[in-house]
Ligand SMILES: Nc1ncnc2c1ncn2[C@@H]1O[C@H](COP(=O)(O)OP(=O)(O)O)[C@@H](O)[C@H]1O
Ligand SMILES: [Mg+2]
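Residue numbers (the working numbering): 484 to 875.
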């Protein structure tokens, strides 16, 4: 019996490819290098972001001194680039910036072997939050190890298939000079001057095949090949340029996910407080305890932090607060963030526009303003806690 399935599927495929092509038009025309618009701040928001500036008069004076034009018609508004310049200026005045020489990035991987747990949301909120809300000026690199590339398309909506991905870097076999050239091209700028991204690509799924080939080739020659070194090479090449490297990971065992565990010195595990996720957290812990033996053998120096982060918790659900409590008790204080990320419409609404809750100020948000304000407030508490963690 024919029922036009082929035609229906063709039509669906066409429709959906058009939707994603439209996306690029909508999000690819902004003034920032990633095709987005820079976040802008009205005077009140700017003062909240740079409390050291204290008063309207002082912030205006600093703007004048730095040649920042804050008048758009009759309204006061500056963008993220100018806001960073003001922060920079005040930090210099107060000698608050860490000397570059001592910089070695903390490497934090966001992982749990389950899809939909909130890994990517947490990774992108931490990335954009640490470059816009933190008390200091951090330089942050996010590496997207998930070939589904959700984080990449959110932070760098204008990537194309031709762009060099993290997978391309990991399989690089040419000279070091060629590697460094590729790396430079792979590091993408965003609408936050202090946030860079190395994106993922669909073809990165083939990395596992590459690893198998390398293993066989090494075996034939009586040599050793450890895939962990492929990602480690990328990290070593950039660790002095950043304060923080965040790694978003796929939801299953892959060679690159294992490598993320090897290069990281901190693990953040987002868990949604529902029964099913409870099981996946348990499974992930036993995976970690089993594989760590191997990492230690290969020279891993130990994780500074392994922390659960309760994500997408419904503010009104008693069952979810019970489960969150159960998770916290099981993990213990040392292994759980005090702050959790509430389930929030603003997180969904901004994601729909390929943004995080920190890509825009409340005054620019077209959705429910209270919802964005609340989401930003609780994420700010997380940023504080996270900052303390990496500076310990
Ligand atoms: N705090 C939250 N509030 C509302 N929606 C959320 C929240 N965290 C995640 N989500 C949504 O849940 C889905 C899965 O989240 P995601 O971060 O992509 O998970 P993962 O990367 O672990 O697969 C996405 O649609 C995301 O927008
Ligand atoms: Mg994800």
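Built from N, CA and C at the ideal position, the CB exists for glycine as well. Keep in mind it's a predicted model, so treat the numbers as computed, not measured.
Query, Result
"According to the Cβ coordinates, are residue 592 and residue 730 closer than 8 Å?", "yes"
"By the three-class DSSP mapping on this structure, what secondary structure does residue 524 have?", "strand"
"Kindly confirm or deny that the region 567-574 and the region 795-802 touch, where touching means at least three C-beta pairs closer than 8 Å.", "no"
"Excluding five sequence neighbours on each side, which residues of the same chain lie with their C-beta closer than 6 Å to the C-beta of residue 508?", "Reliability of the predicted coordinates at residue 508 is poor, the pLDDT of 49 falling under 50, and the value obtained from them is presented with this limitation in mind. Answer for residue 508: no residue qualifies."
"Bridge partners for residue 562 per DSSP, in chain order?", "523"
"Compare the C-alpha of residue 708 against each of 682, 672, 654, 667 and name the closest.", "654"
"Any chance the CB of residue 915 is under 7 Å from a heavy atom of ligand 1?", "There is simply no residue 915 to check, as the chain begins at 484 and stops at 875 in what is shown."
"Consult DSSP for residue 534 and reduce its assignment to one of helix, strand or coil.", "helix"
"By how many angstroms is the C-alpha of residue 771 removed from the C-alpha of residue 650?", "23 Å"
"Locate the beta strand (DSSP E) running through residue 672, then write down its first and last residues.", "670-672"
"Please check the pair residue 521 and residue 514, which I expect to be a contact at CB under 8 Å, by giving their CB distance rounded to whole angstroms.", "6 Å"
"For residue 713, which residues from the same chain have a beta carbon less than 6 Å from its beta carbon, with the 5 sequence-adjacent residues on both sides left out?", "653"
"Reducing DSSP to helix, strand and coil, say where residue 724 ends up.", "coil"
"Can you give me the start and stop residues for the alpha helix (DSSP H) that residue 828 sits inside?", "828-835"
"Would you kindly report the start and end of the unbroken beta strand (DSSP E) that includes residue 679?", "678-681"
"Is the separation between the beta-carbon of residue 786 and that of residue 739 shorter than 8 Å?", "no"
"Helix, strand or coil for residue 804, going by three-state DSSP, please let me know.", "helix"
"Considering residue 852, what are the terminal residues of the alpha helix (DSSP H) in which it resides?", "852-874"
"Where DSSP assigns a beta bridge to residue 455, which residues make up the other side?", "The displayed coordinates of the chain run from 484 to 875. Any statement about residue 455 would go beyond what the structure contains."
"Within 10 angstroms of its Cβ, does residue 687 collect 16 or more other Cβ (buried), or is it exposed?", "buried"
"Thinking C-beta only, is residue 608 closer than 8 Å to residue 602?", "no"
"Shorter than 7 Å, the distance from the beta carbon of residue 629 to the closest heavy atom of ligand 2, or not?", "yes"
"Since I believe residue 624 is in contact with residue 681 (beta carbons under 8 Å), could you give me their beta-carbon distance rounded to a whole number of angstroms?", "7 Å"
"CA-CA distance, residue 870 and residue 612?", "10 Å"
"Once you ignore the five residues that flank residue 634 on each side, which residues in its own chain have a CB closer than 7 Å to its CB?", "603, 606, 607, 625, 627, 731"
"Please find out if some non-hydrogen atom of ligand 2 comes closer than 7 Å to the beta-carbon of residue 731.", "yes"
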